Structure formats: C-alpha cells, structure tokens
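Accompanying notes for the structure given below.
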Amino acid sequence: MGLKRHRHLTLYSRPGCMLCEEAAILLDFVLDEFPEWTFEEVNIDQDEALSLRFLYEIPVVMHDEEIWSYGKFDTETIRNRLLQKNLRNETCKARNGLL
Numbered sequence: 033m034g035l036k037r038h039r040h041l042t043l044y045s046r047p048g049c050m051l052c053e054e055a056a057i058l059l060d061f062v063l064d065e066f067p068e069w070t071f072e073e074v075n076i077d078q079d080e081a082l083s084l085r086f087l088y089e090i091p092v093v094m095h096d097e098e099i100w101s102y103g104k105f106d107t108e109t110i111r112n113r114l115l116q117k118n119l120r121n122e123t124c125k126a127r128n129g130l131l
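Dropping the structure here:
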C-alpha cells in the first residue's frame, strides 16, 4: 500500500486583512480547477507563535511546511505549484505501478 499524498493548503490570515480576504476568494477560485485539493483558513491572531511568524507576511499559503505564497496573492503562482505537485504525484504513482 502506497503513501497517501497530502493535498491540502493552509491560508494564514487575520480578520480585517483585505489582502487575506482577497486571497481566500482567489484560492477558492483556483482550487475549483483542482477538486482533489482543499484549503483551510487559519487566523494567526488565535496563536501567538503564528502571529509572530506571519504578522507582516499575511496572507501566507502553505503546503505542509513549505510557503507557496505570501503577501499579494498570485493565482498563476499557486496554479503552477498545484500543477507541478499533481505531475510529481502522477510520476511517482507511475514509477510504483499504481496507475
């Protein structure tokens, strides 16, 4: 049995952040093209460590522990990262005879 790949993004944001609100809308729009992917929005104000880490970088989009985007959201950057991840996953499956 192969390892199941984690297809989940995290959007770090905070209330009242216009860039964060825009990022959530755009991320939802981009993920319409990638139904196998999900995202959750995390309020950095609820966690002191997150607040200290991301206060001046939000919105931040992460996959696992890798930052994919911060500041002004760019749909093409996220779309390209998703395509790369999907291609990598398909290549791994083919190598392991899972396709």
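Residue numbers for the sequence shown, in our numbering: 33 to 131.
We treat Cβ as the ideally placed atom computed from N, Cα and C, and that holds for glycine.
What you are looking at is a predicted structure, and each value in this text was computed from that prediction instead of being measured.
Where residue i falls: helix, strand or coil (DSSP)
{"i": "Phe-71", "result": "strand"}
{"i": "Glu-54", "result": "helix"}
{"i": "Leu-59", "result": "helix"}
{"i": "Ile-99", "result": "strand"}
{"i": "Tyr-44", "result": "strand"}
Residue from the options whose Cα sits closest to the Cα of residue i
{"i": "Glu-54", "options": "Ala-81, Asn-118, Gln-116, Thr-107", "result": "Thr-107"}
{"i": "Thr-42", "options": "Arg-113, Tyr-102, Val-93", "result": "Val-93"}
{"i": "Arg-46", "options": "Trp-69, Asp-79, Asp-96", "result": "Asp-79"}
Nearest-angstrom Cβ-Cβ length linking residue i and residue j, presumed shorter than 8 Å
{"i": "Val-74", "j": "Leu-82", "result": "7 Å"}
{"i": "Leu-114", "j": "Phe-71", "result": "About 11 Å separates the two Cβ atoms, so there is no contact after all."}
Own chain, CB closer than 7 Å to residue i, minus 5 neighbours either side, in chain order
{"i": "Leu-58", "result": "Phe-105, Thr-107"}
{"i": "Cys-1", "result": "Residue 1 falls outside the range modelled here, since the chain spans only 33 to 131, and no answer is possible."}
{"i": "Glu-68", "result": "Arg-39"}
Neighbourhood of residue i by C-beta, 6 Å cutoff - its chain only, sequence neighbours within 5 removed
{"i": "Arg-111", "result": "Val-62"}
{"i": "Ile-76", "result": "Tyr-44, Arg-46, Leu-82, Ser-83, Phe-86"}
8 Å Cβ shell around residue i - same chain, five flanking residues per side excluded
{"i": "Cys-49", "result": "Ile-90, Pro-91"}
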